[in-house]
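Enquirer:
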Amino acid sequence: MEQEEAAAREDADAQLMYRIERPVYDEAFIRSQLLSRRENSTTLRERLAHQFRCSSKRARAAALSFLPILTWLPSYPVKQYLFSDVVSGLSTGVVQLPQGLAYAMLAAVPPVYGLYSSFYPVLLYTFFGTSRHISVGTFAVVSLMIGGVAVREAPDSMFYVLPANGSNMSAVLDVEARDARRVQVAVVLTTLVGIIQIVFGLLRFGFVAIYLTEPLVRGFTTAASVHVVVSQLKYLLGVKTQRFSGPLSAIYSVKAVFSDIASTNVTTLILGLVCLVFLYAVKDLNERFKKKLPVPIPGEIIVVIVSTGVSYGLSLSEDYLVDVVGKIPTGLLPPAAPEFSLLPSLVTDSFAVAIVGFSMGISLAKIFALKHGYSVDGNQELIALGLCNFISSFFQTFAVTCSMSRSLVQESTGGKTQIAGLLASFVVLLVVVAVGFVFQPLPQTALAAIIMVNLMGMFKQFRDIPTLWRTSKIELAIWLVAFVASVLLGLDYGLLVAIAFTILTVIYRTQSPKNAVLGHVPGTGLYCDVDEYEEAAECEGIKIFHSNSSIYFANSDLYVNALKKKTGVNPEHLKEARKARKKQKEKANSNHGSPPKICVKYEKQGVSHAVLSYNGQLGDRHSKSDSEETVFLEPPHTVHSIVLDWTSASFVDSVGAKAIKQLVKEYAAVDVRVVIAGCSRSLLAELDTLQFFSGVMTTDMVFPTVHDAVLHCRDSASHPTAAPADETT
Numbered sequence: 129m130e131q132e133e134a135a136a137r138e139d140a141d142a143q144l145m146y147r148i149e150r151p152v153y154d155e156a157f158i159r160s161q162l163l164s165r166r167e168n169s170t171t172l173r174e175r176l177a178h179q180f181r182c183s184s185k186r187a188r189a190a191a192l193s194f195l196p197i198l199t200w201l202p203s204y205p206v207k208q209y210l211f212s213d214v215v216s217g218l219s220t221g222v223v224q225l226p227q228g229l230a231y232a233m234l235a236a237v238p239p240v241y242g243l244y245s246s247f248y249p250v251l252l253y254t255f256f257g258t259s260r261h262i263s264v265g266t267f268a269v270v271s272l273m274i275g276g277v278a279v280r281e282a283p284d285s286m287f288y289v290l291p292a293n294g295s296n297m298s299a300v301l302d303v304e305a306r307d308a309r310r311v312q313v314a315v316v317l318t319t320l321v322g323i324i325q326i327v328f329g330l331l332r333f334g335f336v337a338i339y340l341t342e343p344l345v346r347g348f349t350t351a352a353s354v355h356v357v358v359s360q361l362k363y364l365l366g367v368k369t370q371r372f373s374g375p376l377s378a379i380y381s382v383k384a385v386f387s388d389i390a391s392t393n394v395t396t397l398i399l400g401l402v403c404l405v406f407l408y409a410v411k412d413l414n415e416r417f418k419k420k421l422p423v424p425i426p427g428e429i430i431v432v433i434v435s436t437g438v439s440y441g442l443s444l445s446e447d448y449l450v451d452v453v454g455k456i457p458t459g460l461l462p463p464a465a466p467e468f469s470l471l472p473s474l475v476t477d478s479f480a481v482a483i484v485g486f487s488m489g490i491s492l493a494k495i496f497a498l499k500h501g502y503s504v505d506g507n508q509e510l511i512a513l514g515l516c517n518f519i520s521s522f523f524q525t526f527a528v529t530c531s532m533s534r535s536l537v538q539e540s541t542g543g544k545t546q547i548a549g550l551l552a553s554f555v556v557l558l559v560v561v562a563v564g565f566v567f568q569p570l571p572q573t574a575l576a577a578i579i580m581v582n583l584m585g586m587f588k589q590f591r592d593i594p595t596l597w598r599t600s601k602i603e604l605a606i607w608l609v610a611f612v613a614s615v616l617l618g619l620d621y622g623l624l625v626a627i628a629f630t631i632l633t634v635i636y637r638t639q640s641p642k643n644a645v646l647g648h649v650p651g652t653g654l655y656c657d658v659d660e661y662e663e664a665a666e667c668e669g670i671k672i673f674h675s676n677s678s679i680y681f682a683n684s685d686l687y688v689n690a691l692k693k694k695t696g697v698n699p700e701h702l703k704e705a706r707k708a709r710k711k712q713k714e715k716a717n718s719n720h721g722s723p724p725k726i727c728v729k730y731e732k733q734g735v736s737h738a739v740l741s742y743n744g745q746l747g748d749r750h751s752k753s754d755s756e757e758t759v760f761l762e763p764p765h766t767v768h769s770i771v772l773d774w775t776s777a778s779f780v781d782s783v784g785a786k787a788i789k790q791l792v793k794e795y796a797a798v799d800v801r802v803v804i805a806g807c808s809r810s811l812l813a814e815l816d817t818l819q820f821f822s823g824v825m826t827t828d829m830v831f832p833t834v835h836d837a838v839l840h841c842r843d844s845a846s847h848p849t850a851a852p853a854d855e856t857t
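All letters in the sequence shown, in the order written, are residues 129 to 857 by the numbering used here.
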């Protein structure tokens, strides 16, 4: 027993102690005695001159910021990194090739443009990007958004022409003219996306990605996956249906496919299902044995090569009417200016594509940067993606971002830098320049299978729903709204609705803060919610009000109302009680007869009580007669001070400041003093700018801590005419 007591004493001695003895501080004392602002002696002209001053150091920093490759390429450890980057680059290029062909179908352009989009942007990102591991190129969600715009601006109905021989045959769809127009739309959209991203990057708008909260992005990308799968059903089944865009396009597409399901091409369906099963099995093997496999099994390129060989050997296109990729021109196209006359109708869509593309890129870049111990610059990433899209659009590409599946391949196969991405782009270049014609017999159903299997990871995001249900109902609502709105309204309008709803949730949270009356925990300087903690006891005569929000135009009235309700001290009620009491006193003085009964109401623990007083005698209210006059009065209040705890307030605007000053006036009229505690220095600077400390508000009513404010209020109540004593804590 003695040993345990000795051990307890040793623990107490070893415990860190917090001891302080000082006067009670208020803001007036702090400003006059403790703190003084630094004088800013530089003029505006000097600051501007310093900002625009050019030096070799600043020029070097600007060059390294604009071309991040210069920060790591000169010190590139060839012996340590080169082999890993070569293996990673070849592996990523093998995956990038079939994905480029497949995602071009989503973008509603011929497959070769997916190869162009898998070469130029990847090459450019090597020089301008700050991430060492993400794989830039075609991506399903962005490609589908571009395809929706292309189909809307160049629908099939615009390109039906009558036969040249003038016969009575029905109009024929001019596929070449339609595809050429859709390529123009996709290219112009990409140009505009690049401009927006570059401008946002130069204006340091990299922070915009924070407004695309993770539940929103995951709900949106899950909905995009639904759109992608629906769009690929017709290729998997081999049926001929038109492509829909806009609100309810997914429903219309499913209806069109099932309406024409009787015309399913059995050969196409069998080949597609075989590819689906094989790709899923390979993906599962890669996932299970990823630690044992030196490189992932390239299931996609195997499917492309084998299905192309089968299609060519069995003449599936001619004999079984299986849709194939078709002509793939050899070589690169010369640069050409986009058709800028299309710009006005694409502005809204370009903003949506630019923001979604950047948010996907920066989120993956941050994940890999955190894992491998380096940093990425959000603003430079915006500029890099913008340059990739803008410059590449002159070479007939469509908008790109990073792909999750390819980035995982690039990182898991040992990629150390963007040299891996550079080599992956050269793999695609080799196909475009030399062997592109080999893939002309490639069945479209194989590409549809590749797309669908690559989206398996996206559909796993449905697991977020039970998790969010347990952790945050508001984030669950954001996820569901983003998903449902994007599925029903389309990706463009769905994104806008999701962002608007997210902003509304922020407003809701500021409009519904948690309010509490704080009490002192004995023996400490801590103040906690009296409703939540048994140890917290209210200070006699003092109400400490805490709200975990700032005070501004949208919630200033709510703050004031919550204060009056939570503390139970309402100036208007107190004024009415005073008036009634004064009137009753005057009436009693003028009437020498029997005074009327006075009923004093008070509340305790939520139960209302009424006690009658008649000639000094107390009695129950049920004993009064109907002829007796009864006056109900509020009891004299015992609260002399209210402390506003502003430790959680990050800002106060002019409307909020006026509301607080008016509140101070109202309470002063009923002899209740209001003081403020816990303001940060930045918040105090804002209050100075708003000229808050004038009239009824002075700096000696503001205290650095709640404990300072409580000690001051307690001393003022006990010595109402004396100056505040130097209390100690």
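For glycine and all other residues, C-beta sits at the position ideal for the given N, C-alpha and C.
Alpha carbon to alpha carbon, how far is K732 from R332?
Expert: The predicted position of K732 is uncertain, since its pLDDT is 40 and thus under 50; a value taken from the coordinates is nonetheless stated next. Between K732 and R332, the C-alpha separation is close to 56 Å.
Enquirer: Among A268, V313, S491, which residue has its Cα nearest to the Cα of L340?
Expert: Here the closest residue by C-alpha is S491.
Enquirer: DSSP on K786, reduced to helix/strand/coil?
Expert: K786: helix per DSSP, three-state reduction.
Enquirer: Taking the alpha helix (DSSP H) that G514 belongs to, which residues open and close that run?
Expert: Where G514 is concerned, the enclosing alpha helix (DSSP H) stretches over 506 to 521.
Enquirer: Comparing C-alpha positions only, which one of V802, I262, G651 sits nearest to M825?
Expert: Cα-wise, what sits closest to M825 is V802.
Enquirer: Over what stretch of residues does the beta strand (DSSP E) that includes V645 continue unbroken?
Expert: Counting along the chain, the beta strand (DSSP E) containing V645 begins and ends at 643 to 648.
Enquirer: Using the three-state DSSP reduction, which class does Y380 fall into: helix, strand or coil?
Expert: Three-state DSSP puts Y380 in a helix.
Enquirer: Buried or exposed: which applies to Y97, given that a residue is buried once 16 or more other Cβ atoms fall within 10 Å of its Cβ?
Expert: Beyond the ends of the chain as shown, which are 129 and 857, falls residue 97; an answer cannot be given.
Enquirer: Can you grab the Cα-Cα spacing for the pair V315 / A282, in whole Å?
Expert: When rounded, the distance between both Cα atoms is 13 Å.
Enquirer: Considering just the uninterrupted stretch of the beta strand (DSSP E) at D773, what are its terminal residues?
Expert: First-last of the beta strand (DSSP E) with D773: 769 to 773.
Enquirer: Tell me the DSSP bridge mates of P571?
Expert: DSSP, once it has assigned bridges, lists V452 as partnering P571.
Enquirer: Does V728 come out as helix, strand or coil in the three-state DSSP assignment?
Expert: Annotation note: pLDDT 47 at V728 (below 50); position unreliable, no value reported.
Enquirer: Identify the continuous beta strand (DSSP E) that holds R801 and give its terminal residues.
Expert: 801 to 805 is the span of the beta strand (DSSP E), which, as asked, contains R801.
Enquirer: Using the Cα positions of P466 and D302, report the straight-line distance between them to the nearest angstrom.
Expert: Cα to Cα, the separation comes out at about 22 Å.
Enquirer: Grab the span of the beta strand (DSSP E) containing D816 for me, first residue to last.
Expert: Careful: D816 lies outside any beta strand (DSSP E), inside the alpha helix (DSSP H) at 809 to 817.
Enquirer: Closer than 8 Å by C-beta to R147: which residues in its own chain qualify, once you throw out the five before and the five after it? Chain order, please.
Expert: Nothing meets the Cβ criterion.
Enquirer: Using DSSP with H/G/I as helix, E/B as strand and the rest coil, what is V222?
Expert: Reduced to three states, the DSSP call for V222 is helix.
Enquirer: When the Cα of P472 is compared with those of G489, L320, G366, V450, which residue comes out closest?
Expert: That would be L320, whose Cα lies nearest to the Cα of P472.
Enquirer: Per DSSP, I672 forms a beta bridge with which residues?
Expert: The partner list for I672 (beta bridge, DSSP) reads L646, V771.
Enquirer: Which parts of the stretch 368 to 422 are runs of the alpha helix (DSSP H), unbroken and 4 residues or longer, counting only runs that do not cross its ends?
Expert: You should have 377 to 387, 394 to 416.
Enquirer: In or out: V450 buried (at least 16 other Cβ within 10 Å) or exposed?
Expert: The residue in question, V450, is buried, as its Cβ has 16 or more Cβ neighbours within 10 Å.
Enquirer: Residues in the same chain with beta-carbon distance under 6 Å from L818, minus the five sequence neighbours each way, listed in chain order, please.
Expert: Result list for L818: S782, A785, in chain order.
Enquirer: Determine the DSSP secondary structure at A665, reduced to helix, strand or coil.
Expert: It is a strand residue.
Enquirer: Check whether the Cβ atoms of G437 and T254 sit closer than 8 Å, and answer yes or no.
Expert: For G437 and T254, no; Cβs fall outside 8 Å.
Enquirer: Nearest-angstrom Cα distance between K383 and L558?
Expert: The alpha-carbon atoms of K383 and L558 are separated by roughly 41 Å.
Enquirer: Label E603 either buried or exposed according to how many other C-beta atoms from any shown protein chain fall within 10 Å of its C-beta, with 16 as the threshold for buried.
Expert: Classification of E603: buried, given that the 10 Å Cβ count is 16 or more.
Enquirer: In the DSSP assignment, the beta strand (DSSP E) including D657 goes from what residue to what residue?
Expert: That run of the beta strand (DSSP E) goes 655 to 657.
Enquirer: Mapping the DSSP letters down to three states, classify I425 as helix, strand or coil.
Expert: Residue state, collapsed to three classes: coil.
Enquirer: Under DSSP, the alpha helix (DSSP H) around M286 begins and ends at which residues?
Expert: Element bounds for M286: n/a, residue is neither H nor E.
Enquirer: For the stretch 694 to 703 against the stretch 791 to 809, do three or more pairs of beta-carbon atoms, one drawn from each stretch, fall closer than 8 Å, so that the two count as touching?
Expert: Contact holds: three or more Cβ-Cβ distances are below 8 Å.
Enquirer: Can you grab the Cα-Cα spacing for the pair V858 / L460, in whole Å?
Expert: Residue 858 lies beyond the range of the chain shown here (129 to 857); nothing can be said about it.
Enquirer: The alpha helix (DSSP H) with Y241 in it runs from where to where?
Expert: Element bounds for Y241: 240 to 245.
Enquirer: Taking 7 Å as the cut-off, is the C-beta of G549 nearer than that to any heavy atom in the ligand NAP?
Expert: By its list of ligands, the structure shown contains no ligand whatsoever, and the ligand NAP lies outside what it can speak to.
Enquirer: With a 10 Å radius around its C-beta and 16 neighbouring C-beta atoms as the bar for buried, classify N643 as buried or exposed.
Expert: Its Cβ being crowded by 16 or more others within 10 Å, N643 is buried.
Enquirer: To the nearest angstrom, report how far apart R173 and C182 are at their CA atoms.
Expert: The alpha-carbon atoms of R173 and C182 are separated by roughly 16 Å.
Enquirer: May I have the straight-line CA-CA distance separating G744 from H847, to the nearest angstrom?
Expert: Because G744 sits at a pLDDT of 40, beneath the cut-off of 50, its placement in the model cannot be relied upon, and the following sentence gives the value as read from the coordinates. Whole-angstrom Cα-Cα distance: 32 Å.
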